[in-house]
């Protein structure tokens, strides 16, 4: 078992959806669901869906200005995704993601086990991105481990495109990150992604 205090290794990919670009066909979930932004009255249910013992962490996120969107099936939270503006920590890469005022970052998304395989995740991502674009965002980022195939499939289905592949290594205090731009992304987008991830 690796000791994360001594070393860390992560391979991930960063994707983007640009507002005002090519039209993205709306994603229809495979079952009836309500997609909306979470409200204060949802905090307890959201904490439960996240597997938290109390609502303190969810409330702390809201208090810090983060937003959350949920997929509801029969009134219960079936999936969720958090959104940040400004600066957000990417724990797996042990670094901050720094955004311009018109950018957003989607993170900590999950679909609860009973609801998986029903396109709720990609429908929720599409709903989040569409909502953010309508409220003035220009660019929406999202990332995942390269091993997280279901999430990556969801990104593509929701109209996101790959921008960077990253490899991060920390060993005995030495930190290295390698970034490779995607052939599908413009050089300007690759440069912008690198800027967001710069230390």
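Numbering (my numbering), first residue to last: 6 to 204. Idealized CB from N, CA, C, for every residue including glycine. All figures in this text were calculated on a predicted structure; none of them were measured in a lab.
Simplified DSSP assignment, three categories, for residue i
i	result
residue 212	Residue 212 falls outside the range modelled here, since the chain spans only 6 to 204, and no answer is possible.
residue 113	strand
residue 165	coil
residue 73	strand
residue 59	coil
residue 150	strand
residue 92	strand
residue 174	strand
residue 156	helix
residue 23	strand
residue 134	helix
residue 121	coil
residue 11	coil
residue 49	helix
residue 195	helix
Nearest candidate by alpha-carbon position, reference residue i, set the options
i	options	result
residue 206	135, 162, 167	Any property of residue 206 remains undetermined from this structure, which presents the chain solely from 6 to 204.
residue 127	71, 27, 179, 83	83
residue 147	166, 70, 191	166
residue 71	30, 137, 117	137
residue 153	114, 65, 183	114
residue 180	54, 99, 140, 57	99
residue 190	24, 20, 48	20
residue 108	117, 48, 141	141
Same chain, Cβ closer than 6 Å to residue i, neighbours up to 5 away in sequence not counted
i	result
residue 200	none
residue 13	175
residue 95	102
Cβ-Cβ distance between residue i and residue j below 8 Å
i	j	result
residue 202	residue 102	yes
residue 197	residue 123	no
residue 97	residue 110	no
residue 34	residue 130	no
residue 133	residue 168	no
residue 91	residue 74	no
Beta-carbon contacts of residue i that lie in its chain and below 7 Å, excluding the five residues immediately before and after
i	result
residue 78	36, 38, 120
residue 31	131
Cβ separation of residue i and residue j, assumed to be a contact under 8 Å, to the nearest whole Å
i	j	result
residue 18	residue 172	So it is not a contact: roughly 10 Å between Cβ atoms.
residue 60	residue 69	That belief does not hold up - the Cβ atoms of residue 60 and residue 69 are roughly 14 Å apart, past 8 Å.
residue 157	residue 22	Incorrect: roughly 14 Å between the Cβ atoms, too far for contact.
residue 143	residue 46	Their Cβ separation, rounded to whole angstroms, is 31 Å, which puts residue 143 and residue 46 out of contact at 8 Å.
Close beta carbons around residue i, own chain, < 8 Å, minus the five adjacent residues each side
i	result
residue 11	176, 177
residue 62	52, 55
residue 50	81, 82
Residue i beta carbon near the ligand FMN (any heavy atom closer than 7 Å)
i	result
residue 150	By its list of ligands, the structure shown contains no ligand whatsoever, and the ligand FMN lies outside what it can speak to.
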